[in-house]
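A short write-up of the structure that comes next.
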Amino acid sequence: MQEKFMREALRLARKAKAEGEVPIGAIVVVEGKIVGRGYNRRTKLQMATQHAEVRAIDRACKKLKSWRLEGAELYVTLEPCPMCMGAALNARVDKIFFGAYEQKGRSLTKELAAANLLNHTVEVVGGVMEEECAEVLTSFFTEMRAREKAKKEGSET
48 MQEKFMREAL
58 RLARKAKAEG
68 EVPIGAIVVV
78 EGKIVGRGYN
88 RRTKLQMATQ
98 HAEVRAIDRA
108 CKKLKSWRLE
118 GAELYVTLEP
128 CPMCMGAALN
138 ARVDKIFFGA
148 YEQKGRSLTK
158 ELAAANLLNH
168 TVEVVGGVME
178 EECAEVLTSF
188 FTEMRAREKA
198 KKEGSET
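Numbering-wise (the numbering used here), the sequence shown opens with residue 48 and increments by one.
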């Protein structure tokens with residue numbers, strides 16, 4: 048079941064990539080049904096909080112008419128940042144499944160998940176379809192660097 052839901056998060060990550068956004072996708076699942084979807088929109092909207100996880104959580108809350116997402120699972124293609132972990136904790140998400148690990152090691156995922164903030168802890172499982180999730184991100188940044196290099200070389204002539 049984890050792979051089925053991670054595939055949907057990957058579909059959303061690819062949508063973000065096609066729009067020039069950092070390709071991260073997320074979904075919220077309750078009782079086996081997707082109740083919220085999101086992908087990065089920071090660049091398009093010029094808003095720092097428009098991460099995939101926050102967007103998916105917001106949509107799930109709206110759909111369920113509750114800020115509490117007890118029993119919910121969050122699937123995201125990249126290990127959540129501290130802001131997104133905070134959103135998941137505030138929404139009382141029960142489990143987070145993520146694909147690729149944050150390579151710079153700045154996510155604090157395990158520390159925040161176990162900290163019992165807000166009298167709530169969240170179970171975290173990393174590495175779900177890790178290679179596929181990492182590939183989407185790696186290809187995005189490789190292509191971005193190549194475009195920037197070509198642009199720079201073009202402006203020097």
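For each residue, glycine too, the CB sits at the ideal point set by N, CA and C.
Identify the continuous beta strand (DSSP E) that holds E66 and give its terminal residues.
Residue numbering aside, residue 66 sits at position 19 when the sequence shown is read from its first letter. No beta strand (DSSP E) contains E66, which DSSP labels as neither H nor E.
In or out: P129 buried (at least 16 other Cβ within 10 Å) or exposed?
The count along the sequence shown starts at 1 and reaches residue 129 at position 82. The residue is exposed, with fewer than 16 neighbouring Cβ atoms inside 10 Å.
Exposed or buried, what is V82 when buried is set at 16 or more other beta-carbons lying within 10 Å of its beta-carbon?
Here residue 82 is taken as the residue at index 35 of the sequence shown, counted from 1. V82 is buried by the Cβ-count criterion.
In whole angstroms, what separates the C-alpha of T90 from that of F145?
Position 43 of the sequence shown, counted from the first residue, corresponds to residue 90. Position 98 of the sequence shown, counted from the first residue, corresponds to residue 145. For T90 and F145, the distance between alpha carbons rounds to 22 Å.
Taking only the alpha-carbon atoms, compute the straight-line gap between K112 and G174 and give it to the nearest angstrom.
Translated into positions along the sequence shown, residue 112 becomes position 65. Translated into positions along the sequence shown, residue 174 becomes position 127. Using only the alpha carbons, I get a separation of about 31 Å.
Cutoff 7 Å; reference C108; Cβ partners in own chain excluding five residues on either side
Stepping through the sequence shown from its first residue, residue 108 is reached at position 61. If we look at C108 and ignore the five residues flanking it on each side, its Cβ neighbours are W114, L116, A138.
I need the DSSP call for E100, collapsed to helix, strand or coil.
Counted from its first residue, the sequence shown places residue 100 at position 53. Reduced to three states, the DSSP call for E100 is helix.
Contacting residues, own chain, Cβ-Cβ under 6 Å from V183 (five flanking each side not counted)
Within the sequence shown, the letter at position 136 stands for residue 183. Closer than 6 Å at the Cβ level, and outside the excluded window around V183, lie A60, P70.
From this set, L125, E170, E179, which residue's C-alpha is nearest L136's C-alpha?
The residue given as residue 136 occupies position 89 in the sequence shown. Comparing Cα-Cα distances from L136 to each of L125, E170, E179, the minimum goes to E170.
Classify G118: buried if its beta carbon has 16 or more other beta carbons within 10 angstroms, exposed otherwise.
To locate residue 118, count along the sequence shown from 1; it is residue 71. Exposed is the call here.
For K142, which option in A63, G79, R58, K62 has the closest C-alpha, if you only look at C-alpha atoms?
Counting from one through the sequence shown, the residue named residue 142 turns up at place 95. For K142, the nearest C-alpha among the options comes from G79.
Could you check the C-alpha separation between V172 and A99 for me, to the nearest Å?
One-based indexing of the sequence shown puts residue 172 at position 125. One-based indexing of the sequence shown puts residue 99 at position 52. Cα-Cα distance, rounded: 18 Å.
Provide the residue span of the alpha helix (DSSP H) that contains L290, from first to last.
No answer is possible for residue 290: it lies beyond the span of the chain, which begins at 48 and ends at 204.
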